[in-house]
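Enquirer:
Numbering (our numbering), first residue to last: 13 to 433.
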């Protein structure tokens, strides 16, 4: 009889991704029969792009003035929705203001080799992150084939630089020097910077721990041989599409943080994980019945629950650092030199969408969640959830909830991955 397998599939861009990973690891360590397969889905990048806080604020003010149809001026900036023709139609636009508004035009992706470099560094950061909580061998798999099918919906001018949060003071100082250089030298030097950071992590990794490219055939073999397989997804649905094509979906209980009932409240035309690969999302939702179980937790539910940073950081200082970098927008250098710590934000609370989705799927009645049914429908190019009397099971949460420090620690101590999703 095979083992019980948990597949954790994520892009690891935001702090909630790391929080969910930590809870999965904690739960898995309680059972010797569970193996976790950690799969990182990389994202397209364009090295050397960034905006200062001043540029961001000025750009948002200009967007609010010239494009008032957007309810949130950050939406066109975050999604890169403008075109050059939009700027050409603005009378009397100064060169300075044009330059700022051009940040809201989505730039082209850099070459795939850069995305693979970025993905490998993030995967090594996950390996190091998980290593703090375990002495066991750990493999993290990088799904480089996903780059052939996903589209990053985020404007890379404003993308959160998750690769910087775990860097040392020396690495960040080197990064700052490079960012002051002109193109194309900046891009080439950043590639060398990535290589150095990667080498540093690889040479210090404990024996039995490594980042490897995902072998999809091997993954399918493991799924077939397993006693049970539970898949938790916080990335595109492309990997699930491939698993369906290989005929192994019937072995998998699947839970996803995906979908939304009202995309008007989102920054993109689709919920993020669906926006990464809409065709895969449509296919997987249409084939949900071929899985052993298939459950989703939509965006609205995941944003209902906030968590005390004091509780998340009490369990893991490295997770606390991720929260400071992403949620509190603390400059990575200030984190590296210890100028800012969790003590400065001990009373803050934030949503952790992937963590909420995970707990809804694996813990009965988490946050008083209730089950319902939905379908995925195409409405003017946006894929939205529609409530049904039957169909795809979904967890919903009615009312806002706050999970304090004590409750976070209680959940960690009792949370398990046994039983059905």
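The beta-carbon is built from N, C-alpha and C at its ideal position, and this holds for glycine as well. No experiment lies behind these values; they were computed from the predicted model shown.
Tell me whether residue 246 sits in a helix, a strand or coil according to DSSP, three-state version.
Expert: Position 234 of the chain shown, counting from 1, holds the residue named residue 246. Residue 246: strand per DSSP, three-state reduction.
Enquirer: Throw me the rounded Cβ distance for the residue 161 and residue 285 pair, which I believe falls under 8 Å.
Expert: In the chain shown, counting from the first residue as 1, residue 161 sits at position 149. In the chain shown, counting from the first residue as 1, residue 285 sits at position 273. Actually they are not in contact, since the Cβ atoms of residue 161 and residue 285 sit about 13 Å apart, beyond 8 Å.
Enquirer: Just the C-alpha distance for residue 186 and residue 137, rounded to the nearest angstrom, thanks.
Expert: The residue you call residue 186 lines up with position 174 of the chain shown. The residue you call residue 137 lines up with position 125 of the chain shown. Residue 186 and residue 137: Cα-Cα distance of roughly 18 Å.
Enquirer: Determine the closest residue to residue 311 out of 153, 418, 407, 164, with distance taken between C-alpha atoms.
Expert: Against the chain shown, residue 311 aligns to sequence position 299. The candidate whose alpha carbon is nearest that of residue 311 is 407.
Enquirer: Take residue 183 and list the residues in its own chain whose beta-carbon comes closer than 7 Å to its own, dropping the five residues that flank it on each side.
Expert: On the chain shown, position 171 is the one that residue 183 refers to. The residues are 209.
Enquirer: Can you tell me whether residue 391 is buried or exposed, with buried defined as 16 or more other CB within 10 angstroms of its CB?
Expert: Residue numbering aside, residue 391 sits at position 379 when the chain shown is read from its first letter. With fewer than 16 Cβ atoms within 10 Å of its Cβ, residue 391 is classed as exposed.
Enquirer: Could you check which residue in 420, 141, 347, 409 has the C-alpha nearest to that of residue 324?
Expert: Numbered from its first residue, the chain shown carries residue 324 at position 312. Selected option, being the one with the closest Cα: 420.
Enquirer: For residue 38, tell me which candidate among 328, 363, 62, 410 has the shortest Cα-Cα distance.
Expert: Translated into the one-based positions of the chain shown, residue 38 becomes position 26. The shortest C-alpha separation from residue 38 is found at 328.
Enquirer: Using the Cα positions of residue 128 and residue 401, report the straight-line distance between them to the nearest angstrom.
Expert: Translated into the one-based positions of the chain shown, residue 128 becomes position 116. Translated into the one-based positions of the chain shown, residue 401 becomes position 389. If I take the Cα positions, the gap works out to 43 Å.
Enquirer: Give me the Cα-Cα distance between residue 300 and residue 268, rounded to the nearest whole angstrom.
Expert: By 1-based counting over the chain shown, the position of residue 300 is 288. By 1-based counting over the chain shown, the position of residue 268 is 256. For residue 300 and residue 268, the distance between alpha carbons rounds to 11 Å.
Enquirer: Are residue 51 and residue 155 touching if we call contact CB-CB under 8 Å?
Expert: One-based indexing of the chain shown puts residue 51 at position 39. One-based indexing of the chain shown puts residue 155 at position 143. Cβ distance < 8 Å, so residue 51 and residue 155 count as in contact.
Enquirer: Does the segment 25-37 come close enough to the segment 365-374 that 3 or more CB-CB pairs lie under 8 Å?
Expert: Yes, they touch.
Enquirer: Within 8 Å, do at least three Cβ pairs link the segment 192-210 to the segment 82-100?
Expert: No, the segment 82-100 is not in contact with the segment 192-210.
Enquirer: Where in the segment 65-111 do unbroken runs of the alpha helix (DSSP H), each at least 4 residues long, occur, reported from the N-terminal end onward?
Expert: Runs of the alpha helix (DSSP H) inside the segment 65-111: 65-78, 86-91, 96-100.
Enquirer: Which residues mark the beginning and the end of the alpha helix (DSSP H) in which residue 208 is found?
Expert: Counting from 1 along the chain shown, the entry for residue 208 is found at position 196. Per DSSP, residue 208 belongs to the alpha helix (DSSP H) from 197-216.
Enquirer: At what residue ranges does the segment 299-347 contain a whole run of the beta strand (DSSP E), taking only runs of 3 or more?
Expert: Counting only runs of 3 or more, we get 305-309, 317-320.
Enquirer: Looking at C-alpha atoms only, which residue of 118, 158, 235 is the closest neighbour of residue 258?
Expert: One-based indexing of the chain shown puts residue 258 at position 246. For residue 258, the nearest C-alpha among the options comes from 235.
Enquirer: Give me the residue from 92, 69, 231 with the minimum Cα distance to residue 153.
Expert: Residue numbering aside, residue 153 sits at position 141 when the chain shown is read from its first letter. The shortest C-alpha separation from residue 153 is found at 231.
Enquirer: Quick one: residues in its chain with C-beta nearer than 8 Å to the C-beta of residue 72, no 5 flanking neighbours on either side, listed in chain order?
Expert: In the chain shown, counting from the first residue as 1, residue 72 sits at position 60. Closer than 8 Å at the Cβ level, and outside the excluded window around residue 72, lie 85, 86, 89.
Enquirer: Return the CA-CA distance between residue 332 and residue 104, expressed in angstroms with no decimal places.
Expert: As a working mapping, residue 332 is identified with position 320 in the chain shown. As a working mapping, residue 104 is identified with position 92 in the chain shown. Those two C-alpha atoms are separated by around 47 Å.
Enquirer: Roughly how many angstroms separate the alpha carbons of residue 45 and residue 14, rounded to a whole number?
Expert: Here residue 45 is taken as the residue at index 33 of the chain shown, counted from 1. Here residue 14 is taken as the residue at index 2 of the chain shown, counted from 1. Roughly 9 Å separates the two Cα atoms.
Enquirer: Please return the same chain residues whose Cβ sits closer than 7 Å to the Cβ of residue 273, not counting the five positions on each side in sequence.
Expert: As a working mapping, residue 273 is identified with position 261 in the chain shown. Counting only Cβ-Cβ distances below 7 Å, and skipping sequence neighbours, we find 310, 312, 396, 397.
Enquirer: Looking at C-alpha atoms only, which residue of 380, 321, 344, 377 is the closest neighbour of residue 356?
Expert: Mapped onto the chain shown, residue 356 falls at position 344. Residue 356 has its Cα closest to that of 321, out of 380, 321, 344, 377.
Enquirer: Can you find a C-beta in chain C that's less than 8 Å from the C-beta of residue 69?
Expert: Considering every chain present, this structure includes no chain C. It has just one protein chain.
Enquirer: So for residue 221, helix, strand or coil by DSSP?
Expert: By one-based count along the chain shown, residue 221 stands at place 209. Three-state result, residue 221: strand.
Enquirer: Could you tell me the distance, in whole angstroms, from the CA atom of residue 282 to the CA atom of residue 387?
Expert: Translated into positions along the chain shown, residue 282 becomes position 270. Translated into positions along the chain shown, residue 387 becomes position 375. Answer to the nearest angstrom: the Cα atoms are 15 Å apart.
Enquirer: Pull up the distance between the alpha-carbon of residue 379 and that of residue 158, whole angstroms please.
Expert: For the purposes of this step, residue 379 is taken as residue 367 along the chain shown, with counting starting at 1. For the purposes of this step, residue 158 is taken as residue 146 along the chain shown, with counting starting at 1. Approximately 33 Å, taken between the alpha carbons.
Enquirer: Determine, using beta carbons only, whether residue 115 and residue 188 come nearer to each other than 8 Å.
Expert: As a first step, residue 115 must be located in the chain shown, where it is residue number 103. As a first step, residue 188 must be located in the chain shown, where it is residue number 176. No, Cβ-Cβ distance for residue 115 and residue 188 is not below 8 Å.
Enquirer: Looking only at its chain, what residues have a beta carbon closer than 8 Å to the beta carbon of residue 385, apart from the 5 residues adjacent to it on each side?
Expert: Along the chain shown, read from residue 1 onward, the residue named residue 385 stands at position 373. These residues qualify, in order along the chain: 399, 400, 401, 402, 403, 404, 405, 406.
Enquirer: Evaluate contact between the segment 340-350 and the segment 235-254, counting only Cβ atoms and requiring at least three cross-stretch pairs below 8 Å.
Expert: With the cut-off at 8 Å, the segment 340-350 and the segment 235-254 do not touch.
Enquirer: Going by DSSP, what residue range makes up the beta strand (DSSP E) through residue 388?
Expert: Here residue 388 is taken as the residue at index 376 of the chain shown, counted from 1. Element bounds for residue 388: 382-391.
Enquirer: Who does residue 434 pair with in a DSSP beta bridge?
Expert: Given a span of 13 to 433 for the chain in the structure shown, any question on residue 434 remains unanswerable.
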